[in-house]
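Residue numbers (this note's numbering): 429 to 507.
Shown next as C-alpha cells:
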C-alpha cells in the first residue's frame, strides 16, 4: 500500500507514524504527497511501524531496492 493511502486510512496516523519512526510530521507528509522522496534510512522503520502494510517495495523504486536491499529484489523460492 502506498504511504498516502495508509495515512488517510485512520485519523491520527500521520502523527502516530511520525512519532514511531522519529520523523517530523511535515517530512512524513511531504513523503506521502511525493513532494520529496522517502530517505532510505526511514524505509525499514516505516515497514516495521506499519506492520508491513507499507513496505519498502511500496516506498522505493526497483533500482533502489536492488542496490540497498538486494535480498528483497530476489524472487521468493517456492518450497
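C-beta atoms are modelled at their ideal positions from N, C-alpha and C, and glycine is treated no differently.
Bear in mind that the values here come from a model prediction, so they are computed numbers and not experimental data.
Minimum Cβ-Cβ distance from residue i to chain D less than 7 Å
{"i": "residue 465", "result": "Reference to chain D is not applicable here, since this structure consists of a single protein chain."}
Under 7 Å between C-beta atoms of residue i and residue j
{"i": "residue 453", "j": "residue 446", "result": "yes"}
{"i": "residue 490", "j": "residue 448", "result": "no"}
{"i": "residue 436", "j": "residue 486", "result": "no"}
{"i": "residue 462", "j": "residue 471", "result": "no"}
For residue i, three-class secondary structure by DSSP
{"i": "residue 438", "result": "coil"}
{"i": "residue 430", "result": "coil"}
{"i": "residue 463", "result": "coil"}
Cβ separation of residue i and residue j, assumed to be a contact under 8 Å, to the nearest whole Å
{"i": "residue 492", "j": "residue 434", "result": "Rounded, the Cβ-Cβ distance is 19 Å, inconsistent with contact."}
{"i": "residue 496", "j": "residue 474", "result": "With a Cβ gap of about 14 Å, residue 496 and residue 474 do not count as contacting."}
Among the options, nearest to residue i - alpha-carbon criterion
{"i": "residue 465", "options": "432, 441, 438 and 497", "result": "432"}
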